[in-house]
Amino acid sequence: MSESIVPDSERNSLSGGLVARLPQLPRDLAQLARFDRPIGWWLLFWPCVFGVWLAGAGAQFALLGWMLLGAIAMRGAGCVYNDIVDADLDKQVERTALRPVASGRISKKAAWAWLIALCLVGLVVLLQLRLEAQLVALASLALVAAYPFMKRITWWPQAWLGMVFTWGLLVGWVNLRFDNWDMLAAVYAGCIAWVIGFDTIYALQDREDDALVGIRSSALRMGAKVKAGVAGFYAATIALWALGFWLYRPDWIALLALLPVTFHLLWQVATLDPEDPENPLARFRSNRLAGALMAAACFVVGNA
Numbered sequence: 004m005s006e007s008i009v010p011d012s013e014r015n016s017l018s019g020g021l022v023a024r025l026p027q028l029p030r031d032l033a034q035l036a037r038f039d040r041p042i043g044w045w046l047l048f049w050p051c052v053f054g055v056w057l058a059g060a061g062a063q064f065a066l067l068g069w070m071l072l073g074a075i076a077m078r079g080a081g082c083v084y085n086d087i088v089d090a091d092l093d094k095q096v097e098r099t100a101l102r103p104v105a106s107g108r109i110s111k112k113a114a115w116a117w118l119i120a121l122c123l124v125g126l127v128v129l130l131q132l133r134l135e136a137q138l139v140a141l142a143s144l145a146l147v148a149a150y151p152f153m154k155r156i157t158w159w160p161q162a163w164l165g166m167v168f169t170w171g172l173l174v175g176w177v178n179l180r181f182d183n184w185d186m187l188a189a190v191y192a193g194c195i196a197w198v199i200g201f202d203t204i205y206a207l208q209d210r211e212d213d214a215l216v217g218i219r220s221s222a223l224r225m226g227a228k229v230k231a232g233v234a235g236f237y238a239a240t241i242a243l244w245a246l247g248f249w250l251y252r253p254d255w256i257a258l259l260a261l262l263p264v265t266f267h268l269l270w271q272v273a274t275l276d277p278e279d280p281e282n283p284l285a286r287f288r289s290n291r292l293a294g295a296l297m298a299a300a301c302f303v304v305g306n307a
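Under this note's numbering, the first residue of the sequence shown is numbered 4, with each subsequent residue one higher.
Structure representation (structure tokens):
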């Protein structure tokens, strides 16, 4: 493995393959923004789709195209910011020690410049939204800025990440509608529970290193009961999504639309092996499909 390729790069994906072929400096910048790991921006993008498709205004492909670009840029900016803040911690964790800032291949000054460039792309996307949605999107910045510090002060940084990563649900909805807040709150809470579940799975990769350097995570907090804990959060996810759908459209078709994503989350839990080094990462990445299934359910409920 090249010293500039981090262990969890998706080298078999289209973006991962392209990143691996870049010259060193652009490759380091791409890895700093996690362009080689598209799962992150998919997980940021899917809640945007939930909000847009629940609004009942059709497919809205142009809007979703802008939101996809925003998800890629702002997920990248968030990762750059996280790596600047966590550089000293990343050096002590095997999976993250090769990241560009932690390894010294990219200076913090260069990382800040790259962060600003990505934020400018996000600004272009922001200007495509209606004013109310712009304000909702900007309100997330405080949550984003605080996130890297949560692993130092709470065992549940995954809950904070849940609030950050699913904010696009609120932006997508408010860009098209300004009502049904009880439904929106239930679906948003379900999204947060979903993120806690899948990011706990992701954190299983780092339990030993995290414990040594003092990083806190839900995976460490749950200990030997981590599989049951993930099952509990996924159960809460489906229950809250079902409540939101019922508040929006009280008929059984709305609940039946959740069956595919429910079975997928059940499969994740049933096949999760916390002791297998490869298994948790594969189950985490499978949430790309979970998001697609939930998006399809939102389209059915919002537009059928």
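We treat Cβ as the ideally placed atom computed from N, Cα and C, and that holds for glycine.
Quick caveat, the model's predicted, so the values are computed rather than measured.
Answer yes or no: do residue i and residue j have a C-beta to C-beta separation smaller than 9 Å?
i, j, result
"A222", "L207", "yes"
"V167", "L118", "no"
"L46", "N282", "no"
"I199", "R286", "no"
"G294", "L57", "no"
"K94", "S110", "no"
"A300", "A260", "yes"
"L35", "R102", "yes"
"K154", "R219", "yes"
"L172", "P26", "no"
"A175", "V52", "Before going further, note that residue 175 is Gly rather than Ala in the sequence given. Yes, the pair counts as a contact, with Cβ atoms nearer than the cut-off."
"A65", "G125", "no"
Give the DSSP-derived three-state secondary structure of residue i in the structure shown.
i, result
"K112", "helix"
"R133", "coil"
"L126", "helix"
"S220", "coil"
"Q34", "helix"
"S5", "Only weak support exists for where S5 lies, its pLDDT of 43 falling under 50; the coordinates are left without a value."
"D254", "coil"
"F181", "coil"
"V139", "helix"
"V96", "coil"
"L25", "coil"
Quick check on the DSSP output: the alpha helix (DSSP H) that includes residue i runs from which residue to which?
i, result
"D89", "Careful: D89 lies outside any alpha helix (DSSP H) and carries neither H nor E."
"T240", "V229 to Y251"
"G54", "I42 to L57"
"W163", "P160 to F168"
"G294", "N290 to N306"
"Q63", "Note, Q63: premise wrong, no alpha helix (DSSP H); not H, not E."
"Q271", "L262 to T274"
"V147", "L144 to I156"
"P103", "P103 to S106"
By Cβ distance below 7 Å, which residues in the same chain neighbour residue i in space, the five residues on each side in sequence not counted?
i, result
"M186", "G247, L250 and Y251"
"G54", "G171, L172, L173, V174, G175 and W176"
When you compare only the Cα positions, how much space is there between residue i and residue j?
i, j, result
"A257", "L146", "32 Å"
"I87", "D254", "48 Å"
"L132", "G193", "25 Å"
"D39", "Y191", "28 Å"
"S7", "A90", "Any reading at S7 must be qualified, since the residue scores a pLDDT of 47, below 50, and its modelled position is unreliable; no value is offered."
"K230", "W270", "12 Å"
"L296", "A189", "18 Å"
"R210", "A227", "12 Å"
"R288", "I42", "6 Å"
"F201", "P263", "17 Å"
Return the chain-ordered list of same chain residues with a C-beta closer than 6 Å to the C-beta of residue i, the five sequence neighbours on each side being excluded.
i, result
"V128", "W69, L72 and G73"
"N178", "L132, R133 and A136"
"T240", "G193, A196 and W197"
Give me, in chain order, the residues of the same chain whose beta-carbon lies closer than 8 Å to that of residue i; leave out the 5 immediate sequence neighbours on both sides.
i, result
"A242", "G193"
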